[in-house]
Amino acid sequence: AAGKAICIFMAAVAGGISAFAGMALSLPKMASALGMENGLTYSMKEYVLLFAVTITAVFALAGLLLVISSVAKDAKQATSIAPVIMVAMMIASFLTMVDGFGRAVENLGMANAVIPAWNAMTVMQNIMLLEYSPVFVAVTCVANLAFTAICITVVGKMFENEKIVNG
Numbered sequence: 690a691a692g693k694a695i696c697i698f699m700a701a702v703a704g705g706i707s708a709f710a711g712m713a714l715s716l717p718k719m720a721s722a723l724g725m726e727n728g729l730t731y732s733m734k735e736y737v738l739l740f741a742v743t744i745t746a747v748f749a750l751a752g753l754l755l756v757i758s759s760v761a762k763d764a765k766q767a768t769s770i771a772p773v774i775m776v777a778m779m780i781a782s783f784l785t786m787v788d789g790f791g792r793a794v795e796n797l798g799m800a801n802a803v804i805p806a807w808n809a810m811t812v813m814q815n816i817m818l819l820e821y822s823p824v825f826v827a828v829t830c831v832a833n834l835a836f837t838a839i840c841i842t843v844v845g846k847m848f849e850n851e852k853i854v855n856g
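Residue numbers (the working numbering): 690 to 856.
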């Protein structure tokens, strides 16, 4: 279980660093493309916060995928379930741009920070708009790390019961 987790998390960290690099390089260009170059300037603090949120979100998603791959009957089943989760997250992030749904999300307040993966999308949007709360960012990172620890514990328990892992 530990070997499986380490491999998955190493790949996740590499992907997270790559995602952060792409995001960091595109932020200034995105702001200017949206005509906000005068209104949005990012400091090192925002980049550090984005990096922390990205890495903890990647850990949470890798933990979830680790559980899914351990429960799946075979690799084909695991690889067919994972994209469904990713598509659902992308749809949810696009829905936040819809006025009514966006207001409903805002009304949830701090509850948004404790929902793994969702919290990262919410806080990243807020950081990019420079409308973030350091407490919200901290709760997001802690919630993602706690969720990751829970996932690792669940996988460890599943490996103790070989019937679950090996069918």
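Idealized CB from N, CA, C, for every residue including glycine.
C-alpha distance - F740 paired with E820, whole-angstrom precision | Against the sequence shown, residue 740 aligns to sequence position 51. Against the sequence shown, residue 820 aligns to sequence position 131. The straight-line gap from Cα to Cα measures roughly 17 Å.
Do you know offhand how far A777's Cα is from S769's?
-> For the purposes of this step, residue 777 is taken as the residue at position 88 of the sequence shown. For the purposes of this step, residue 769 is taken as the residue at position 80 of the sequence shown. In a straight line, the C-alpha of A777 is about 13 Å away from that of S769.
Length of the line joining the Cα atoms of Y731 and V737 | Position 42 of the sequence shown holds residue 731. Position 48 of the sequence shown holds residue 737. Roughly 10 Å between the two C-alpha positions.
Round the Cβ separation of C840 and G704 to the nearest angstrom and send it over; I've been treating them as touching at under 8 Å.
-> As a working note, residue 840 is residue 151 in the sequence shown. As a working note, residue 704 is residue 15 in the sequence shown. Rounded to the nearest angstrom, the Cβ distance from C840 to G704 is 17 Å, too far for a contact under 8 Å.
Hey, how far is the Cα of M813 from the Cα of V742?
-> Taking the first residue of the sequence shown as 1, we reach residue 813 at position 124. Taking the first residue of the sequence shown as 1, we reach residue 742 at position 53. The alpha-carbon atoms of M813 and V742 are separated by roughly 7 Å.
Please check the pair G781 and L754, which I expect to be a contact at CB under 8 Å, by giving their CB distance rounded to whole angstroms.
-> Taking the first residue of the sequence shown as position 1, residue 781 is located at position 92. Taking the first residue of the sequence shown as position 1, residue 754 is located at position 65. It should be noted that the sequence gives Ala, not Gly, for residue 781. Here A781 is actually not in contact with L754; their C-beta atoms are around 17 Å apart, not less than 8 Å.
How would you label I816, buried or exposed, when you count the other beta carbons within 10 angstroms and need 16 or more for buried?
-> Within the sequence shown, the letter at position 127 stands for residue 816. Buried.
Out of M719, K718 and A701, point me to the one whose CA is closest to F748's CA.
-> For the purposes of this step, residue 748 is taken as the residue at position 59 of the sequence shown. Nearest option by C-alpha distance: A701.
Pair within 8 Å by beta-carbon distance, M799 and F825 | The residue labelled residue 799 in the question sits at position 110 within the sequence shown. The residue labelled residue 825 in the question sits at position 136 within the sequence shown. Yes.
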